[in-house]
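Numbering (this note's numbering), first residue to last: 1 to 158.
Ideal Cβ positions, reconstructed from N, Cα and C, are used throughout, including at glycine.
Quick caveat, the model's predicted, so the values are computed rather than measured.
Accompanying notes for the structure given below.
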Ligand SMILES: C[S@@+](CC[C@H](N)C(=O)[O-])C[C@H]1O[C@@H](n2cnc3c(N)ncnc32)[C@H](O)[C@@H]1O
């Protein structure tokens, strides 16, 4: 089965190349961008202004081919792809939780952007602590690494 989606809009961000782009919203120092939705979706934004954060589901359109294991940005040994948030995946879908700053018409201003300028947006969902924040979690290999890397290098775009 082939699944086809049509983007609902596009991310505008200060980042034009993977190298130097924040590796996650939590390490983006509040980098600001916008989500420019197609006008037909403006009506879908009512009631969203009450949420401080939103989940952006995006197509990471500049991803390269995927491999079963990758050396993630936060480690220096190979890890199983699905145990990482590497952008190069069989289906290169990105999940970014960003702060919602403002909504004007069909444009959302957001902070904490880790996405390249021009990234197609597939969906937006409100971030809800009760649903999305769990208290007792294990984070596998990430529990053992202490890397404070904030910005991507070119390992997934070489
Ligand atoms: C590690 S991914 C994480 C994305 C999302 N927060 C997630 O966890 O799914 C973020 C990195 O992907 C790269 N990236 C961002 N937008 C991209 C795009 N549209 N296509 C390919 N790579 C992208 C940048 O190098 C950025 O630092």
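For residue i, which option in the options has the closest C-alpha, if you only look at C-alpha atoms?
i	options	result
residue 23	129, 145 and 114	114
residue 13	103, 67 and 33	33
residue 157	66, 117 and 74	66
residue 122	2, 90, 36 and 19	36
residue 46	120, 106, 69 and 128	106
residue 130	72, 51, 81 and 64	51
Please report the residue range of the beta strand (DSSP E) in which residue i lies.
i	result
residue 9	9–12
residue 111	107–111
Count the other C-beta atoms from every protein chain shown that fall within 10 angstroms of the C-beta of residue i, then say buried if there are 16 or more, exposed otherwise.
i	result
residue 5	exposed
residue 134	exposed
residue 100	buried
residue 102	exposed
residue 44	exposed
I'd like to know if residue i contacts chain D, where contact means its C-beta is closer than 8 Å to some C-beta of that chain.
i	result
residue 90	The chain labelled as chain D is not found in the depicted structure, where only one protein chain is given.
Among all the DSSP beta bridges, which residues are the ones paired with residue i?
i	result
residue 119	Its beta-bridge partners do not exist; DSSP assigns none.
residue 139	The partner list for residue 139 (beta bridge, DSSP) is empty, contrary to what the question assumes.
Residue range of the alpha helix (DSSP H) that residue i falls in?
i	result
residue 129	129–132
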